[in-house]
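Trainee: Quick one: the structure is below, and I'll ask about it shortly.
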Amino acid sequence: MEANRGAGKGWFLAAALTAVCTGAPGCGAAQKIELASSKDRPLVAMTDRKTFEPSFLDVRRGATVVWRNTSALTHTVTADPSLAADPAHVEFPSAAIPFDSGEVQPGGQFAHRFDEPGIYRYVCLPWETAGMAGSVRVSR
59 MEANRGAGKG
69 WFLAAALTAV
79 CTGAPGCGAA
89 QKIELASSKD
99 RPLVAMTDRK
109 TFEPSFLDVR
119 RGATVVWRNT
129 SALTHTVTAD
139 PSLAADPAHV
149 EFPSAAIPFD
159 SGEVQPGGQF
169 AHRFDEPGIY
179 RYVCLPWETA
189 GMAGSVRVSR
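Going by my numbering, the first residue of the sequence shown is number 59, and it counts up by one from there.
Below is the structure:
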């Protein structure tokens, strides 16, 4: 398992982050986020809309996924039923160990290496009841 909550690390592959808001300020208008990633380090954005983008990833065993907080909100990446408001919202293979990023501040990031094949469902603890959830399918 790999965790990194600091921003701007040298290993982080050139992420092109663009946030575009249309309409009047404060109107809740749509926001577009573009992220660059690679096969070895897929990238997931944690957004102001309380979503993970993309909400589903398909990766190979041994891949490290990076979650980047592109919002002004604090987020978590949590696949631990003992921490979730509803333990049924999270899932991981029986051979895997639960994980939790802790608080990821705006501009911060978290990385996790997936060594066990299977489905991992995770939530953002502060926004779990708002439906902020994602999943990763790990293949051999």
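For each residue, glycine too, the CB sits at the ideal point set by N, CA and C.
Put residue 103 into one of helix, strand or coil per three-state DSSP.
Mentor: Translated into the one-based positions of the sequence shown, residue 103 becomes position 45. Looking at residue 103 - three-state DSSP - the assignment turns out to be strand.
Trainee: Which whole-angstrom value is the C-beta distance of residue 103 and residue 111, which I expect to be below 8 Å?
Mentor: Indexing the sequence shown from 1 puts residue 103 at position 45. Indexing the sequence shown from 1 puts residue 111 at position 53. Going by Cβ atoms, the distance from residue 103 to residue 111 rounds to 5 Å, so yes, they are a contact pair.
Trainee: Quick one: Cα of residue 182 to Cα of residue 126, how far?
Mentor: Start at 1 with the first residue of the sequence shown, and residue 182 comes out as number 124. Start at 1 with the first residue of the sequence shown, and residue 126 comes out as number 68. Answer to the nearest angstrom: the Cα atoms are 13 Å apart.
Trainee: Within the chosen definition, does the stretch 113 to 120 reach the stretch 149 to 160 through at least 3 CB pairs nearer than 8 Å?
Mentor: Too few Cβ pairs lie closer than 8 Å, so no.
Trainee: Please determine whether the Cβ atom of residue 129 lies at a distance below 6 Å from any heavy atom of the ligand FAD.
Mentor: The ligand FAD is absent from the structure shown, which contains no ligand whatsoever.
Trainee: Under the three-state reduction of DSSP, which class applies to residue 136: helix, strand or coil?
Mentor: One-based indexing of the sequence shown puts residue 136 at position 78. It is a strand residue.
Trainee: With H, G and I counted as helix, E and B as strand and the rest as coil, what does DSSP make of residue 143?
Mentor: In the sequence shown, residue 143 corresponds to position 85, counting from 1. Coil at residue 143, not helix or strand.
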